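Let me begin by presenting the structure, written as structure tokens, before commenting on it.
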Amino acid sequence: MALSPPSGSRTRFAILMVASVTLIVVGLRDVPIVRNAREGAARALDPVENAVDTVTSPVRNAWHGVTDYDEVKAENERLRARVADAESQKVAGADAEKQLADLSKVLDLPFAGRLPKVTARVVSGPRSNFSHAVEIDKGRKDGLKVGMPAAAAAGLVGKVTSVTDSSATVQLITDPEFRVGVRLATKGSLGTARGQGRDEPLIVDSSINPQTKVPKGTGLTTSGIDTSTFPPGVPIGTVQRVRTGSGGLSLELVVKPLVDVDQLSYITVLKWEPK
Amino acid sequence: MRTGRAVGLRAVLVVAVVLVVQATLMADLRVAGALGDLVLVLVVAAGLTGGPDRGATYGFAAGLAYDLLLDTPFGLSPLVYALIGFVVGLVGMALLRTSGWWPVAIAAAAGLAQAVLYTALGNLLGVAYRFADVPAIGLVQAAWAALLILPALKVMWWVHGHNEPDRLEVLLR
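See the structure below:
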């Protein structure tokens, strides 16, 4: 068995390797030509994507019916239980809702609805096993810009990373490269949350003293401090576990996101830009 | 034998169709949280039918085009796919003399190798891809690649043509 390539092949392979490494270096510098090329490719794919999305939806639905059957069944049971629970809380909730609405008016809570929003349909999930972004069917024409936060009813989904006239890419909070400044709902302590990949919790590196008690279930919202790229008060998740950070000088929080990014059909982009 | 221009046009068409299907239909067909990788199947088929030269060239070109549709580090896909196309071409040249089932085994191995290589090189570039995800991604990619490699070889023969049946085609008959 001979595994030695002809010398011509070796030369061509070496050229391709050098070219690939050059592209990586260029890509790491975030040069405009790469951004523009990616935007051009997304623009070219838009009409095809919408057409294929319509034509292939029966295939995808059938596939999900087969692969997600157990999950759908369990979800159905959970929802039935939740509906029953919601019925009983309805009366008590009505009063609480009025109070919250009044309070929102006074405090002008950012996530309570004063920000202009655009709701978009998710037309494509992550396109590879190493991608953590979804495509939505709204773009520049609808006022979307790179950096705008994206949310679902439960909380933060991610942020817009590229925009064409009629579509946009949203980087999900589960992306290992995603970072967001967070605030602990009850303590007010600040930290930075980072994604860890699909189906994984977020990790929050905080400056909280390791002696501090952070109860399981404590909520986290975006901090919205001066340099933040997100508005304040957008819910992110709840504390699942607490552990001591590296060096033992702070706490590291394991946070379960409020939004299941695998089940997104629609996303709301908040038309908010950092000051 | 086809002219270079006809081959080029067919190759561009095949890469474009593969990318569109990968970015649209395949992106929704997850098994155990992972996707099949049609670009990989194409690159393996190129390596098996045309040797390391063709494998690496398809790997680089298709990887570069795929990268334009992704949010992953730019340049990583051409590097990984060119490497895989080259190695598959070399291994294929040596092993295909023995059995017609080698393409299936090689395609499955390439599915696993791609997951390992992409995760490792991504981490080298500072992206914290989890090695714990490699088995699921690798196995799903391997299964899809094993399933689709035979039709993919036929597509490659359609693109490049040949005067007489080549060794691989004879073995697969």
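Protein chains in written order, with the numbering used here: chain A, 394 to 668; chain B, 19 to 191. Beta carbons: idealized from backbone N, C-alpha and C, even for Gly. The structure presented is a predicted model; accordingly, all values stated were derived computationally and were not measured.
Only counting the same chain, and skipping five residues up and downstream in sequence, which positions put a Cβ closer than 8 Å to that of S517(A)?
Excluding its 5 nearest sequence neighbours in each direction, S517(A) has C-beta neighbours in its own chain below 8 Å: E442, D446, V527 and E528, listed in chain order.
Is the number of C-beta pairs between the region 34-43 of chain B and the region 637-651 of chain A that are closer than 8 Å three or more?
no
Distance check for A133(B) and S397(A), CA to CA, integer angstroms please.
25 Å
Could you give the residue range of the beta strand (DSSP E) that holds P542(A)?
Element bounds for P542(A): P542 to A545.
Chain B beta carbons: is any one of them nearer than 8 Å to that of Q564(A)?
yes
Closest by CA to M566(A), which one among P451(A), T614(A) and K609(A)?
For the sequence presented, residue 566(A) should be read as Ile rather than Met. Of the listed residues, the one whose Cα sits closest to I566(A) is T614(A).
Check the C-beta distance from L139(B) over to L97(B) and give it rounded, since I have them as a contact under 8 Å.
7 Å
DSSP three-state label for K534(A), please.
helix
Proximal residues to L108(B) (C-beta, below 7 Å), its chain only, five neighbours per side dropped
P70
Quick one: list the residues of chain B neighbouring R520(A), beta-carbon separation under 7 Å, in chain order.
Simply Q40, A41, A45, L87 and L88.
G581(A) vs D558(A) beta-carbon contact at 8 Å
Taking 8 Å as the Cβ cut-off, G581(A) and D558(A) do not qualify as a contacting pair.
DSSP three-state call for Q589(A): helix, strand or coil?
Q589(A): coil per DSSP, three-state reduction.
Run of the alpha helix (DSSP H) containing Q564(A), from where it starts to where it stops
Element bounds for Q564(A): not the alpha helix (DSSP H) but the beta strand (DSSP E), A561 to L565.
Reference N522(A), options I102(B), A29(B) and V49(B), closest by Cα
For N522(A), the closest C-alpha among the options I102(B), A29(B) and V49(B) is that of V49(B).
When the Cα of P542(A) is compared with those of R422(A), D530(A), L663(A) and R453(A), which residue comes out closest?
Of R422(A), D530(A), L663(A) and R453(A), the residue nearest in Cα terms is L663(A).
Based on Cα-Cα distance, which residue from V59(B), V30(B), F78(B) and L56(B) lies nearest to S413(A)?
When only C-alpha atoms are compared, the closest one is F78(B).
Less than 8 Å between C-beta atoms, sequence neighbours within five positions excluded: which residues of the same chain meet that for V220(B)?
Absent from the structure is residue 220(B), since the part of chain B shown begins at 19 and ends at 191.
What residue range is occupied by the uninterrupted alpha helix (DSSP H) comprising Q132(B)?
Counting along the chain, Q132(B) sits inside the alpha helix (DSSP H) bounded by residues W120 to L142.
Listing by chain order, which chain B residues have their CB less than 7 Å from the CB of P425(A)?
Here the premise fails: no neighbours, minimum Cβ distance about 12 Å.
Any C-beta of chain B sitting closer than 8 Å to the C-beta of T554(A)?
yes
For A125(B) versus A164(B), is the C-beta spacing smaller than 8 Å?
In this structure, the beta-carbon distance from A125(B) to A164(B) falls below 8 Å.
Cβ of R591(A) within 8 Å of any chain B Cβ:
yes
Go to L549(A), then tell me how far its beta strand (DSSP E) extends in each direction, as first and last residue.
Counting along the chain, the beta strand (DSSP E) containing L549(A) begins and ends at G548 to V556.
Closest residue to G65(B) among M44(B), A128(B), I155(B) and D55(B) (Cα-Cα distance):
A128(B)
Would you call the CB atoms of I660(A) and A546(A) closer than 8 Å?
no
Along chain B, which residues have their Cβ under 7 Å away from the Cβ of E570(A)?
V145
Is the CB of I155(B) under 8 Å away from at least one CB in chain A?
yes
Please list, in chain order, the residues of the region 62-80 of chain B that have any C-beta partner in chain A closer than 9 Å.
G69, P70, D71, A74, T75, G77 and F78
For a contact meaning CB atoms closer than 7 Å, what does D446(A) contact in chain B?
Residues of chain B with a Cβ closer than 7 Å to the Cβ of D446(A) are, in chain order, T42.
What residues are listed by DSSP as bridge partners for E645(A)?
Paired residue(s): D598(A) and R636(A).
The alpha helix (DSSP H) that contains T415(A), what's its start and end?
Where T415(A) is concerned, the enclosing alpha helix (DSSP H) stretches over S400 to L421.
Classify E570(A) as helix, strand or coil using the three-state DSSP reduction.
coil
Compare the Cα-Cα distances from L166(B) to each of L58(B), F92(B) and A150(B) and report the closest residue.
L58(B)
Cut-off 7 Å between Cβ atoms - residues of its own chain near V411(A), not counting five sequence neighbours on either side
Beyond the five residues adjoining it in sequence on each side, V411(A) comes within less than 7 Å, by CB distance, of no other residue in the same chain.
Apart from the five residues just before and just after L657(A), which ones in its own chain have a Cβ nearer than 6 Å to its Cβ?
V515
For R514(A), which of helix, strand or coil comes out of DSSP?
strand
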